[in-house]
Amino acid sequence: MTRVSDTPPMRDESPFASALERIATALETIAGARHGPCDFSAADAFVFTAGSATLAPVSRVNRVDIALLRGIDQARDILLANTSRFAQGFAANNALLWGARGMGKSALVKAAQATINQRLAGSPAFKPLKLIEIHREDIEGLPHLMALLRAEPWRFLIFCDDLSFDGADTSYKSLKAALDGGIEGRPPNALFYATSNRRHILSRDMIDNERGTAINPDDAVQEKVSLSDRFGLWLGFHSCSQDAYLAMVLGYVDHFGLGGDPAAIAREALEWSAGRGSRSGRTAWQYIQDLAGRSGKAVE
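Position 35 of the sequence shown, counting from 1, maps to 35 under this note's numbering, and the rest follow consecutively.
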């Protein structure tokens, strides 16, 4: 007669079993991060990662005061008005900031959020507007992000910097679907702001290739350039004049208390821009970094 042992079976301690256990633990951790709630009161800005569907708080946003953004007055006023309406629960448009590099497109988006929060801070029942950055490579996760935010009591500016598409990249279709909102519509508490050097976001080669290879070239091109039509607000940024460039430089000098002879600083700043073949807000800031360093000061 065979006796049945009361001893429980030995646990498989093989390397294979250990590896499976580690994988299971990792998957449970990811699942918890994926579905766990986000504490939006922890910060005013977050970064979204599509792979894990997580929102990481940003304790200190890299931005400049809106008063230091010179030469873009019209775009500044339009974007502030649009952002203010949205923050107060009124109708507002998705915005595409396009044009010359280094002219303050992304700086304006970040400054606008801070400015509107400061202006409306004393309003009854006002909740601070939250800024969420989504990276270009995570743009396919935008519909999922919109779904995560839909039921939240906060209002969100979703921001993608330097948005563009090349070659056979089809992730722009996810962006179109998110901006249109599908049958549910875009969440009323989410607005999308993007910056791009291209007016239609897609490269000219990409559009021309569709025109040359498609059976119905006009239809193919329209399908691609219609992406920018999803933005109700287009703000163009163009290369600045010499006077505007010098106004940026001297504005930074005054703000950071760098001192010095204004005429000498202007002369140096023009030489700096000539060496780079560009006059822009970015060039002005780079000159200020150099000037402050030579003066033994830090600027933040």
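Just so it is clear, CB atoms sit at the ideal spot from N, CA and C, and this is done for glycine as well. For clarity, every value in this text was computed on a predicted model and none was experimentally measured.
Paired residues, beta bridge with residue i - DSSP
i: residue 133; result: 47 and 159
i: residue 192; result: 158
i: residue 262; result: Paired residue(s): none; residue 262 is not in a bridge.
i: residue 236; result: 98
i: residue 165; result: 202
i: residue 57; result: 46
Pairwise C-alpha distance: residue j and residue i
i: residue 57; j: residue 40; result: 8 angstroms
i: residue 245; j: residue 100; result: 14 angstroms
i: residue 273; j: residue 233; result: 31 angstroms
i: residue 154; j: residue 190; result: 9 angstroms
i: residue 227; j: residue 187; result: 19 angstroms
i: residue 199; j: residue 170; result: 18 angstroms
i: residue 260; j: residue 45; result: 36 angstroms
i: residue 298; j: residue 23; result: 47 angstroms
i: residue 35; j: residue 251; result: With a pLDDT of 47 at residue 35, under the threshold of 50, the modelled position of that residue is not reliable, and no figure is offered here.
i: residue 113; j: residue 129; result: 7 angstroms
i: residue 87; j: residue 160; result: 19 angstroms
i: residue 152; j: residue 192; result: 16 angstroms
i: residue 201; j: residue 166; result: 9 angstroms
i: residue 247; j: residue 64; result: 16 angstroms
i: residue 288; j: residue 185; result: 45 angstroms
i: residue 156; j: residue 267; result: 43 angstroms
i: residue 172; j: residue 162; result: 13 angstroms
i: residue 164; j: residue 47; result: 19 angstroms
i: residue 262; j: residue 290; result: 16 angstroms
i: residue 235; j: residue 264; result: 34 angstroms
Cβ neighbour criterion (16 or more within 10 Å) applied to residue i
i: residue 83; result: buried
i: residue 123; result: exposed
i: residue 20; result: exposed
i: residue 133; result: buried
i: residue 158; result: buried
i: residue 231; result: buried
i: residue 146; result: buried
i: residue 89; result: exposed
i: residue 280; result: buried
i: residue 59; result: exposed
Within-8 angstroms CB hit, residue i to chain B
i: residue 100; result: This model lacks chain B altogether, as it is built from one protein chain only.
Inter-residue CB distance, residue i and residue j (contact presumed, cutoff 8 angstroms)
i: residue 292; j: residue 256; result: 6 angstroms
i: residue 294; j: residue 283; result: So it is not a contact: roughly 17 angstroms between Cβ atoms.
i: residue 68; j: residue 108; result: Actually they do not touch by this definition, with Cβ atoms about 11 angstroms apart.
i: residue 102; j: residue 278; result: 7 angstroms
i: residue 105; j: residue 131; result: In fact, because the Cβ distance is near 15 angstroms, the residues do not count as touching under 8 angstroms.
The ligand SAM heavy atom lying under 7 angstroms from the CB of residue i
i: residue 288; result: Because no ligand of any kind appears in the structure shown, any question about the ligand SAM cannot be addressed here.
Review point. Does the segment 49-56 come within contact of the segment 103-119, defined as at least 3 CB pairs closer than 8 angstroms?
Key: no
Review point. Quick one: any contact between the segment 92-99 and the segment 136-148, if contact means 3 or more CB pairs under 8 angstroms?
Key: no
Check your understanding: Between the segment 163-177 and the segment 64-76, do three or more beta carbon pairs fall short of 8 angstroms?
Key -> no
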